[in-house]
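*Asks:*
Residue numbers (the numbering used here): 46 to 444.
1. What's the call for residue 344, buried or exposed, on a 16-neighbour Cβ count within 10 Å?
2. Along the chain, which unbroken stretches of the beta strand (DSSP E) at least 3 residues long are found entirely within the region 78-152?
3. Can you tell which of 401, 188, 195, 147 has the C-alpha that lies nearest to the C-alpha of residue 156?
4. Can you give me the C-alpha to C-alpha distance between residue 228 and residue 342, rounded to a whole angstrom?
5. Under 8 Å by Cβ, that's how I've got residue 420 and residue 239 pegged, so tell me the actual separation to the nearest angstrom.
6. Whole angstroms is fine: what's the gap from residue 216's alpha carbon to residue 317's?
7. Assuming residue 149 and residue 173 are in contact, meaning their beta carbons sit under 8 Å apart, how far apart are those beta carbons, in whole angstroms?
8. Return the chain-ordered list of same chain residues with a C-beta closer than 7 Å to the C-beta of residue 175, the five sequence neighbours on each side being excluded.
9. For residue 303, which of helix, strand or coil comes out of DSSP?
10. Looking at C-beta atoms only, is the number of pairs between the region 289-303 and the region 109-118 that lie closer than 8 Å three or more?
11. In the DSSP assignment, find the unbroken beta strand (DSSP E) run with residue 292 in it and report its ends.
12. Return helix, strand or coil for residue 425, following the three-state DSSP convention.
13. What would DSSP say about residue 66, mapped onto helix, strand or coil?
14. Pick helix, strand or coil for residue 255, following the three-state DSSP scheme.
15. Find the nearest neighbour of residue 50 within the set 100, 99, 184, judged by alpha-carbon distance.
16. Which term fits residue 206, buried or exposed, when burial requires 16 or more other beta carbons within 10 angstroms of its beta carbon?
17. Who are the Cβ neighbours of residue 338 in its own chain at under 6 Å, not counting the five residues just before and after it?
18. So residue 355 and residue 371 are in contact, right, with Cβ under 8 Å, and what is the actual spacing, rounded?
19. Could you give the distance in angstroms between the alpha-carbon of residue 46 and the alpha-carbon of residue 224?
20. Determine which residues share a DSSP beta bridge with residue 261 and list them.
21. Identify, in the order they occur along the chain, each residue of the same chain with its Cβ nearer than 6 Å to the Cβ of residue 190, setting aside the five sequence neighbours on each side.
22. Under the three-state reduction of DSSP, which class applies to residue 52: helix, strand or coil?
23. Report the rounded CA-to-CA distance for residue 128 versus residue 86, giving the unit in angstroms.
24. In chain order, which continuous runs of the alpha helix (DSSP H) of length 4 or greater are located wholly inside the region 322-373?
25. Rounded to whole angstroms, what is the Cα-Cα separation between residue 294 and residue 312?
26. Between the alpha carbons of residue 298 and residue 361, how many angstroms are there, rounded?
27. State the DSSP-derived secondary structure class of residue 406, mapped to helix, strand or coil.
28. Under the assumption that residue 306 contacts residue 261 (Cβ atoms under 8 Å), give the Cβ distance between them as a whole number of angstroms.
29. Can residue 432 and residue 413 be called in contact, C-beta distance under 7 Å?
30. According to DSSP, residue 169 sits in a beta bridge with which residue or residues?
31. Thinking C-beta only, is residue 95 closer than 7 Å to residue 346?
32. If distances are taken between C-alpha atoms only, which option among 256, 396, 281 comes closest to residue 71?
33. In whole angstroms, give me the CA-to-CA distance for residue 308 and residue 163.
34. Do you know how far the Cα of residue 280 is from the Cα of residue 405?
35. Tell me whether the beta-carbon of residue 133 lies closer than 7 Å to the beta-carbon of residue 332.
36. Could you compute how far the alpha carbon of residue 171 sits from the alpha carbon of residue 232?
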């Protein structure tokens with residue numbers, strides 16, 4: 046871009062750092078860091094509203110949870126309905142808004158929705174695949190104090206990225222990242238790892254560090270359009286965790302944030318660092334709450350399962366759903382007392398509570414036994430060294 050390119054309006058948001066406190070009775074409480082008012086976030090008042098403004102997408106990613114594709118979906122919330130939702134969320138005390146899709150830039154009133162959030166005082170951000178960013182839209186975004194723009198990037202190499210997102214989509218994504226950086230936006234990259242791109246970790250880390258971009262890392266799970274065979278095995282999951290933990294422990298100049306699906310317990314450093322990012326419970330419905338394009342509400346965007354729907358904002362206000370603490374009721378099955386198999390005998394079960402419910406529901410044979418767990422892999426490997434592979438598998442199985 047030329048030197049006269051528009052520059053982003055500075056955003057004075059105080060950031061997403063959250064202080065987690067555990068009381069003597071085990072109750073977990075959440076506060077925003079550096080907030081003298083000590084405003085607390087809970088099922089009654091979540092920290093951030095994740096709003097899916099459309100399921101339509103110009104890509105057809107193999108791992109998409111929403112089955113998104115380039116067609117219109119009936120029944121999506123109108124701009125007026127979104128405005129009512131945001132007013133209700135603001136009155137409830139939610140202060141952060143994250144727009145997602147589908148692809149947010151495909152919605153004709155995308156900028157109007159951003160303005161609706163900003164006008165109500167939300168710290169407003171969005172997630173995009175980056176391929177539709179043009180001069181007009183970049184200029185419009187630069188006039189707005191966007192808190193954060195997160196770009197989905199699944200590989201530095203075109204081959205890896207396009208194996209997941211389709212041919213011809215890598216270069217526009219990379220150009221969008223460079224243009225947003227040059228314009229002065231705070232941006233981050235998010236990557237979901239599967240067998241299709243697990244070899245890209247080191248290149249993606251170098252890419253983010255070189256450009257000073259924060260990076261969010263998670264695993265692809267078998268839900269929506271994603272086929273089970275491309276997801277990571279427990280051993281591959283362990284290897285990814287090791288890479289993430291080693292990178293974090295090296296003192297990176299960026300924030301590398303593992304999502305909750307990577308925050309299981311380990312006996313060995315530095316992998317044991319990742320359990321420190323787990324809040325000893327699923328934070329869905331407390332730190333974030335998700336409203337789908339049709340108005341359905343779930344505890345978070347990862348829990349996009351029919352059984353996790355706790356209401357619909359077309360039928361009742363979001364504030365009613367929150368004040369009745371329905372997300373808490375929907376996740377009540379996450380409990381150390383209800384774990385089975387190896388999880389029931391695990392020394393970390395009180396701290397873990399079974400781990401991320403998305404993984405339990407989409408990747409495991411039972412919702413009460415987490416097969417994606419560092420401790421579980423370590424236990425099997427130790428038994429294999431002592432007893433041999435066959436005996437270790439038998440000893441590690443439930444029953």
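Glycine included, every Cβ here is placed at the ideal spot set by N, Cα and C.
*Replies:* Here's the rundown:
1. For the purposes of this step, residue 344 is taken as the residue at position 299 of the chain shown. With 16 or more Cβ atoms within 10 Å of its Cβ, residue 344 is classed as buried.
2. For the beta strand (DSSP E) assignment, the uninterrupted runs of no fewer than 3 residues enclosed by the region 78-152 are, from N- to C-terminal side, 93-97, 141-145.
3. Here residue 156 refers to the residue found at position 111 of the chain shown. For residue 156, the closest alpha carbon among the candidates 401, 188, 195, 147 is that of 188.
4. Reading the chain shown from its first residue, position 183 is the one you call residue 228. Reading the chain shown from its first residue, position 297 is the one you call residue 342. C-alpha separation (whole angstroms): 34 Å.
5. Here residue 420 refers to the residue found at position 375 of the chain shown. Here residue 239 refers to the residue found at position 194 of the chain shown. Actually they are not in contact, since the Cβ atoms of residue 420 and residue 239 sit about 23 Å apart, beyond 8 Å.
6. The count along the chain shown starts at 1 and reaches residue 216 at position 171. The count along the chain shown starts at 1 and reaches residue 317 at position 272. If I take the Cα positions, the gap works out to 37 Å.
7. For the purposes of this step, residue 149 is taken as residue 104 along the chain shown, with counting starting at 1. For the purposes of this step, residue 173 is taken as residue 128 along the chain shown, with counting starting at 1. Right, their Cβ atoms sit about 6 Å apart.
8. The sequence position of residue 175 within the chain shown is 130, counting from 1. If we look at residue 175 and ignore the five residues flanking it on each side, its Cβ neighbours are 196, 217, 218, 221, 222.
9. As a working mapping, residue 303 is identified with position 258 in the chain shown. Three-state DSSP puts residue 303 in a strand.
10. No: the two stretches stay apart, fewer than three of their Cβ pairs being nearer than 8 Å.
11. Taking the chain shown and counting its residues from 1, the one referred to as residue 292 is at position 247. For residue 292, there is no enclosing beta strand (DSSP E); the residue is part of the alpha helix (DSSP H) that begins and ends at 279-294.
12. Here residue 425 refers to the residue found at position 380 when the chain shown is read from its first residue. DSSP, reduced to helix, strand and coil, places residue 425 within a helical segment of the structure shown.
13. Working through the chain shown from its first residue, we reach residue 66 at position 21. For residue 66, the secondary structure class from DSSP, reduced to helix, strand or coil, is strand.
14. Reading the chain shown from its first residue, position 210 is the one you call residue 255. Residue 255 falls in the helix class under three-state DSSP.
15. Translated into the one-based positions of the chain shown, residue 50 becomes position 5. For the residues 100, 99, 184, the minimum Cα distance to residue 50 belongs to 184.
16. Sequence index remark: in the chain shown, residue 206 carries index 161 (1-based). Flag for residue 206 reads buried.
17. By 1-based counting over the chain shown, the position of residue 338 is 293. Non-local C-beta neighbours of residue 338 in its own chain, meaning closer than 6 Å and more than five positions away in sequence, comprise 97, 99, 100, 121, ordered along the chain.
18. Sequence index remark: in the chain shown, residue 355 carries index 310 (1-based). Sequence index remark: in the chain shown, residue 371 carries index 326 (1-based). Indeed they touch by this definition, with Cβ atoms about 4 Å apart.
19. For the purposes of this step, residue 46 is taken as the residue at position 1 of the chain shown. For the purposes of this step, residue 224 is taken as the residue at position 179 of the chain shown. Caution applies to residue 46, whose pLDDT of 41 falls short of 50 and renders its modelled position unreliable; the model cannot decide the point.
20. Walking along the chain shown from the start, residue 261 turns up at place 216. In the DSSP assignment, residue 261 forms a beta bridge with 235, 302.
21. By 1-based counting over the chain shown, the position of residue 190 is 145. Residues 54, 56 of the same chain have their beta carbon placed closer than 6 Å to that of residue 190, with the five preceding and five following residues left out of the count.
22. Start at 1 with the first residue of the chain shown, and residue 52 comes out as number 7. Residue 52 sits in coil when the DSSP states are folded into three classes, being neither helix nor strand.
23. The residue you call residue 128 lines up with position 83 of the chain shown. The residue you call residue 86 lines up with position 41 of the chain shown. Their backbone Cα atoms lie some 22 Å apart in a straight line.
24. Within the region 322-373, the complete alpha helix (DSSP H) runs of at least 4 residues are 363-368.
25. Here residue 294 is taken as the residue at index 249 of the chain shown, counted from 1. Here residue 312 is taken as the residue at index 267 of the chain shown, counted from 1. Whole-angstrom Cα-Cα distance: 16 Å.
26. On the chain shown, position 253 is the one that residue 298 refers to. On the chain shown, position 316 is the one that residue 361 refers to. Going by C-alpha positions, residue 298 is about 45 Å away from residue 361.
27. For the purposes of this step, residue 406 is taken as the residue at position 361 of the chain shown. Helix, per DSSP.
28. In the chain shown, counting from the first residue as 1, residue 306 sits at position 261. In the chain shown, counting from the first residue as 1, residue 261 sits at position 216. With 8 Å as the limit, residue 306 and residue 261 do not qualify as a contact, their Cβ atoms being about 11 Å apart.
29. As a working mapping, residue 432 is identified with position 387 in the chain shown. As a working mapping, residue 413 is identified with position 368 in the chain shown. No; because the gap between Cβ atoms is not below 7 Å, this pair is not in contact.
30. Sequence index remark: in the chain shown, residue 169 carries index 124 (1-based). Partner residues in the beta bridge of residue 169, as assigned by DSSP, are 142.
31. Your numbering for residue 346 matches position 301 in the chain shown. Your numbering for residue 95 matches position 50 in the chain shown. Yes, Cβ-Cβ distance for residue 346 and residue 95 is below 7 Å.
32. Locating residue 71 in the chain shown gives position 26, counting from the first residue. The shortest Cα separation from residue 71 among 256, 396, 281 belongs to 396.
33. Position 263 of the chain shown holds residue 308. Position 118 of the chain shown holds residue 163. Just so you know, the alpha carbons of residue 308 and residue 163 end up roughly 33 Å apart.
34. Within the chain shown, numbered from 1, the residue matching residue 405 stands at position 360. Within the chain shown, numbered from 1, the residue matching residue 280 stands at position 235. Looking at the two C-alpha atoms, the distance is approximately 17 Å.
35. As a working note, residue 133 is residue 88 in the chain shown. As a working note, residue 332 is residue 287 in the chain shown. No; because the gap between Cβ atoms is not below 7 Å, this pair is not in contact.
36. On the chain shown, residue 171 is found 126 positions in, with the first residue counted as 1. On the chain shown, residue 232 is found 187 positions in, with the first residue counted as 1. So the two alpha carbons sit approximately 10 Å from each other.
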